[in-house]
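Read the structure below first, then the notes.
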Amino acid sequence: MVKIYTDAAFDPNKKMATIVTLYHQSNQRFQFSEFVPHIEDNHQAEFKAMILCLEKLIQQQLQDQLCQIYSDSKIVISSIEKEYVKDERYQPYLNKILFLKKNFSLIFFNWIPEKQNLAADQLAKSVLHKHIKAIKE
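Numbering (full-length UniProt numbering), first residue to last: 1 to 137.
As structure tokens, then:
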């Protein structure tokens, strides 16, 4: 079984975000992050974080493993469970997630409180801070 944590950090003033995925397998920690320079809101960033998560799991050839994915974004987890999103702006993201999800034998999406997602949260904030600092310099 692979436990995966995903999160996003968003700067509303600069309209930029970082998205991250963390997982442990065979006593090794893997982390992936991506800078997103133009994004409308935190929800879009969280959807993009889930897409990054699924893409990285596929790249690492983990589709046949039991995958437990954890996110503190209620809208993302709820949308995946219902296969529906109220706000049409998020529909392309949900469509991509549902498409990628088909590659997995056994995958579960779980909502967790922010305090249980601290490692992913701290990594996302740290990477975003570094990118903003680099832009200022």
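Think of the CB as a built atom: it goes at the ideal place given N, C-alpha and C, for glycine as much as any other residue.
Quick check on I39: does DSSP put it in helix, strand or coil?
Annotated three-state conformation of I39 is coil, per DSSP.
Per-residue DSSP class, three states only, for V20
The answer is strand: DSSP assigns V20 an E or B state.
Cβ shell of N117 (< 8 Å), same chain only, five flanking positions each side left out:
Y5, D7, Y70, S71 and D72
Best match in E46, I39, F32 and N27 for proximity to E114 [C-alpha to C-alpha]:
When only C-alpha atoms are compared, the closest one is E46.
Considering only C-alpha positions, which residue in the set I75, H24 and A124 is nearest to K3?
H24
Per-residue burial, M16 [other beta carbons within 10 Å of its own, 16 or more giving buried]:
buried
How long is the line joining the alpha carbons of E88 and S79, rounded to whole angstroms?
12 Å
Quick one: Cα of Q44 to Cα of Y93, how far?
8 Å
Under 7 Å between the Cβ atoms of H131 and F35?
yes
Just the Cα atoms here: how many angstroms apart are P12 and H38?
10 Å
Start and end of the alpha helix (DSSP H) containing S26?
Bounds of any alpha helix (DSSP H) do not take in S26, whose DSSP letter is neither H nor E.
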